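So the protein lines, in turn, are chains Z and S. Note that the first sequence covers residues 2 to 294 in the numbering used here. Note that the second sequence covers residues 2 to 294 in the numbering used here.
Protein chains: 2
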Amino acid sequence: MTLIDGKMTAAAIKEEIKAEVDQRIAAGQKRPHLAAVLVGHDGGSEAYVKNKVIACEKCGFKSSLIRLDEDTTEEQLLDCIRGLNNDPDVDGFIVQLPLPKHIDEQRVINVIDYRKDVDGIHPVNAGRMALGLPCFISATPLGIITLLQRYQIPTSGKKCVVLGRSNIVGKPMAQLMLQKNYGDSTVTVCHSHSATLKDECRAADIIIAAIGRPDFVTADMVKEGAVVIDVGTTRVPDANSKTGFRLNGDVKFNEVAPKCEYITPVPGGVGPMTICSLMKNTLAAAKKEIYSN
Amino acid sequence: MTLIDGKMTAAAIKEEIKAEVDQRIAAGQKRPHLAAVLVGHDGGSEAYVKNKVIACEKCGFKSSLIRLDEDTTEEQLLDCIRGLNNDPDVDGFIVQLPLPKHIDEQRVINVIDYRKDVDGIHPVNAGRMALGLPCFISATPLGIITLLQRYQIPTSGKKCVVLGRSNIVGKPMAQLMLQKNYGDSTVTVCHSHSATLKDECRAADIIIAAIGRPDFVTADMVKEGAVVIDVGTTRVPDANSKTGFRLNGDVKFNEVAPKCEYITPVPGGVGPMTICSLMKNTLAAAKKEIYSN
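Here it is in C-alpha cells:
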C-alpha cells in the first residue's frame, strides 16, 4: 500500500510554480495576480482565503483580498466583480463561497469574466470542460487528476467509480476521468439514490469518494489492489483534538487502507492539492495559456 | 417486450406544439421562427435540413433556410451568424454540421448567441446542463429523455450504461441520466478503451448505445428485462433496398429485442425524436422560457 502524499506533492508543485514565476519576472514580465472576494465573516471561509493568500506568497504571486460586509447587496458585489473583470492587473479572481443567503450565487458566478474564472465555476468553463476544450478546471478535480498523474497511476480503460454528483467535485471529476486526454476510464457515478452502489464500488479499480459522509466507504466495498481517493472533509467532534474536532474523510481509512494499492489520507491527501490547483490556474491565466485575450 | 415508437411519439409532440403555436398566434403573439444555415451541398446535411423545414411546417413555425456556397469563408459565415444573432424575428437557429474543412467549427459555434442556440451546442448551454441549470439541451439526448418519460420507464436509482462518449450524444446523455431532475440513475459511460464494457452492459437496467458500430450490442450483453435505447444510425449496404443501403443501429435487434422490456427500433426510434426536440427547443426560445432576454 502506498500513501498518496498530497501535502508533499502540493509543496513540490508550488515550488515549480515559484521557479517559473521567478523566471518570468527576470524576463521583465508581470507578476501573476490573484484576487479573492470575501463577503461576511464565515469562519471556514476566512481560513480558506487566508490559506490561499499564503499559497500566493509561496508561488511568488501578488494577491489582493477584498473584504465586503455581510450586508453587502447583490448589486454592490456585482459591481465589485465587474471592477475585477476590467482590472488589467488582475489575472484571475475567486469569489469565496458560500455567499450570504440574500445573494443569488449563480447570478454572481455568471457575471465573473470566464477568462479570469480560475475556480472554474462559470458555465463557460464547465461547458468547455464537458466538451473537452481548454478551460479552467475546478480546483478539486484538477488536484485529483494531478495526484493520479504524479503517482503514475494507470487509469486508461480502468473502472472508476465516483461517489457523489456535486457540481464542484462529483460531476466534473467524472467528466475528467472519462476524457481521452485525462482519465480515459470507464466511469460510473453513484449517489444517494443508487441501488447498486456497493456492487459498483466492489468492481472498481479506482474509487473517488466525494459524498460527504464520514467513514462511508468500508473494507467490504473495496477490492484488493484498488486505488482510493478520499475527497471527504467532514468536521467530527474529537475530544482528543485541541480544536475539539477533526477532519474525517468519506473512507474508513484504517480498514480500507490495507486492501489498497494507493490511498489518500485525510487530512493531507486531496485537500492540499485544491489550493495548489488554484495556483496552477492563476499562472495559466497570467500566461494567457487558455484564453488568449 | 414493448417497442418504443419514436415516430408516433414525435408526431404526437409536434401536434401538441402546433396546438400551442395556434393558441399563441390567436392571442396575437409572434410565430416561432427557426433559421438553418447550410454551407455547401453535403447529401446527408441537405436531407436533415429538409426534414427540419418540414417539421417547422408541421409545428406552425416560420422557417428560413440560408444556403451558403461550399467556398464560403469562415469570416463570411461568422457575419451570417452575427446577423441571425441580431435579428429579432429569429428565435433560434442551427448551423448544420459538419462544416467544410477550411472552417473552424468550434470557432463558429462559439459565435452563436447561446440564447438562440436551439441545438444546445454552445459551451454556455453545455455548461449549464452540466451544472443542472435551465438550458437548451442537445436534441438527441433530449429526445431520449422524452421517450423514457412518455413511456413512463422508471430510471431513478437504476443502473444506466451509456455506450460512447461523443459531445453530442454520449456525454450529455450521461449527464441527463445522472441528474436528479431527469434520470436520477447510476450512470456508467463506456467507450472504445473500456476493459469491462460487456460486464457493465450485462449489469445494466438501461443501455443507451451511441457508439456508431452496427450490431455491436448482442444478446449475451443484455440482461432479461432491460431497456435498450439504440442511437446508432450507420448506413450499411443493402441490395434489397431501393437506395442500396439501410440504416443499421448499434444493437443486434432481432436477438436482443426478445430479452428486453422496452427497446427502440432503427429506424423509427430515437431518430424521429431528434428533430422533435429541436422543435421543442425552438418553441421554448420563442416563449423565452429558458433565457428571459
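Just so it is clear, CB atoms sit at the ideal spot from N, CA and C, and this is done for glycine as well. In this text, all values refer to a predicted model and were calculated from it rather than measured experimentally.
Option in the options with minimal Cα separation from residue i
i: Arg214(S); options: Thr197(S), Lys253(S), Asp221(S) and Lys181(S); result: Lys253(S)
i: Gln1(Z); options: Arg25(Z), Ala56(Z), Val38(Z) and Asn294(Z); result: Residue 1(Z) lies beyond the stretch modelled for chain Z, which goes from 2 to 294, so this question has no answer here.
i: Asp216(Z); options: Cys261(Z), Val170(Z) and Val267(Z); result: Val267(Z)
i: Asp72(Z); options: Asp118(Z), Ser65(Z), Lys102(Z) and Leu85(Z); result: Lys102(Z)
i: Ser278(S); options: Thr147(S), Gly245(S), Asn255(S) and Val228(S); result: Thr147(S)
i: Val271(S); options: Ile209(S), Lys260(S), Lys243(S) and Asn255(S); result: Ile209(S)
i: Lys160(Z); options: Cys202(Z), His123(Z) and Val119(Z); result: Cys202(Z)
i: Val190(S); options: Lys172(S), Leu177(S) and Ala204(S); result: Lys172(S)
i: Val54(S); options: Ile276(S), Asn294(S) and Lys288(S); result: Ile276(S)
i: Ala56(S); options: Met280(S), Asn294(S) and Ala285(S); result: Met280(S)
i: Asn52(Z); options: Cys81(Z), Ala11(Z) and Thr74(Z); result: Ala11(Z)
i: Arg68(Z); options: Gly41(Z), Pro89(Z), Phe94(Z) and Gly45(Z); result: Gly41(Z)
i: Pro33(Z); options: Val50(Z), Asp6(Z), Met9(Z) and Lys117(Z); result: Lys117(Z)
i: Thr74(S); options: Phe94(S), Arg108(S) and Asp88(S); result: Arg108(S)
i: Met178(Z); options: Ile207(Z), Asp23(Z) and Gln30(Z); result: Ile207(Z)
i: Ser46(S); options: Ile95(S), Thr141(S) and Met9(S); result: Ile95(S)
i: Met222(S); options: Lys8(S), Leu100(S) and Cys261(S); result: Cys261(S)
i: Ala196(S); options: Thr197(Z), Val188(Z) and Ala196(Z); result: Val188(Z)
i: Gly7(S); options: Ala131(S), Asp231(S), Gly184(S) and Ser157(S); result: Asp231(S)
Euclidean distance between Cα positions of residue i and residue j
i: Gln77(S); j: Tyr292(Z); result: 24 Å
i: Thr283(Z); j: Arg129(Z); result: 18 Å
i: Gln180(Z); j: Lys63(Z); result: 34 Å
i: Ile241(S); j: Asn249(S); result: Checking the displayed sequence, the identity of residue 241(S) turns out to be Asn instead of Ile. Their Cα atoms are separated by approximately 14 Å.
i: Cys60(Z); j: Glu16(Z); result: 7 Å
i: Tyr152(S); j: Pro273(S); result: 16 Å
i: Glu21(Z); j: Asn126(Z); result: 25 Å
i: Thr235(Z); j: Phe137(S); result: 36 Å
i: Asp92(Z); j: His192(Z); result: 36 Å
i: Asp114(S); j: Thr219(Z); result: 48 Å
i: Phe246(Z); j: Met174(S); result: 41 Å
i: Gly233(Z); j: Leu143(S); result: 33 Å
i: Leu149(Z); j: Val112(S); result: 36 Å
i: Ala227(Z); j: Ser167(Z); result: 23 Å
i: Leu164(Z); j: Asp200(S); result: 20 Å
i: Thr3(Z); j: Val229(Z); result: 11 Å
i: Gly133(S); j: Val237(Z); result: 30 Å
i: Val119(S); j: His194(Z); result: 31 Å
i: Asn86(S); j: Leu66(S); result: 15 Å
i: Ile264(S); j: Ala205(S); result: 14 Å
i: Glu70(S); j: Leu100(S); result: Sequence inspection shows Asp at residue 70(S); the Glu mentioned does not correspond to that position. If you take the alpha carbons of Asp70(S) and Leu100(S), they lie about 11 Å apart.
i: Val170(S); j: Val50(S); result: 19 Å
i: Leu35(S); j: Pro89(S); result: 12 Å
i: Ala140(Z); j: Thr141(S); result: 31 Å
i: Arg83(Z); j: Thr244(Z); result: 39 Å
i: Ile104(S); j: Gly121(Z); result: 28 Å
i: Ser157(Z); j: Tyr183(Z); result: 8 Å
Contact set between residue i and chain S, taken where Cβ atoms lie within less than 8 Å
i: Asn168(Z); result: Ala131, Leu132 and Gly133
i: Ala196(Z); result: Gly158, Lys159, Lys160 and Thr187
Identified DSSP bridge partners for residue i
i: Thr187(S); result: Lys160(S)
i: Tyr263(S); result: Thr3(S) and Val228(S)
i: Ser1(Z); result: This structure gives no information on residue 1(Z), because the portion of chain Z shown stretches from 2 to 294.
i: Ala210(Z); result: Leu164(Z) and Asp231(Z)
i: Val38(Z); result: Ile67(Z) and Val96(Z)
i: Asn249(S); result: Thr235(S)
i: Val218(S); result: Val252(S)
Where residue i meets chain S, residues with beta-carbon distance less than 7 Å
i: Glu201(Z); result: Thr187
i: Val223(Z); result: The contacting residues do not exist; Val223(Z) stays about 17 Å from chain S at best.
Interface partners of residue i on chain Z, CB under 7 Å
i: Val112(S); result: Residues of chain Z passing the Cβ test: none, with the nearest at roughly 14 Å.
i: Leu179(S); result: Arg166 and Val190
Partner residues on chain S for residue i, Cβ-Cβ distance less than 9 Å
i: Lys289(Z); result: Near Lys289(Z) there are no residues of chain S at all, since even the closest Cβ is about 17 Å away, more than 9 Å.
Proximal residues of chain A, C-beta to C-beta of residue i below 7 Å
i: Lys172(Z); result: Of the protein chains in this structure, namely Z and S, none is chain A.
Checklist entry - In the region 6–34 of chain Z, which residues sit with their C-beta less than 9 Å from some C-beta in chain S, listed in chain order? => result Flagged: no residues at all.
Item to check | Selection of the region 119–132 of chain S by Cβ proximity to chain Z, strictly under 9 Å | outcome: Residues passing the 9 Å Cβ filter: Ile122, His123, Pro124, Val125, Asn126, Ala127, Gly128, Arg129, Met130, Ala131 and Leu132.
Item to check | Short-range partners of chain Z found in the region 69–83 of chain S, where Cβ spacing is below 8 Å | outcome: Answer in chain order: no residues at all.
Next on the checklist: By the 9 Å beta-carbon criterion, what residues does the region 93–109 of chain S contribute toward chain Z?
Outcome noted: Contacts with chain Z (Cβ-Cβ distance below 9 Å) from the region 93–109 of chain S involve Gln107, listed in chain order.
Item to check | the region 132–166 of chain Z: positions lying closer than 8 Å to chain S by Cβ | outcome: Residues Leu132, Gly133, Leu134, Ser157, Gly158, Lys159, Lys160 and Arg166.
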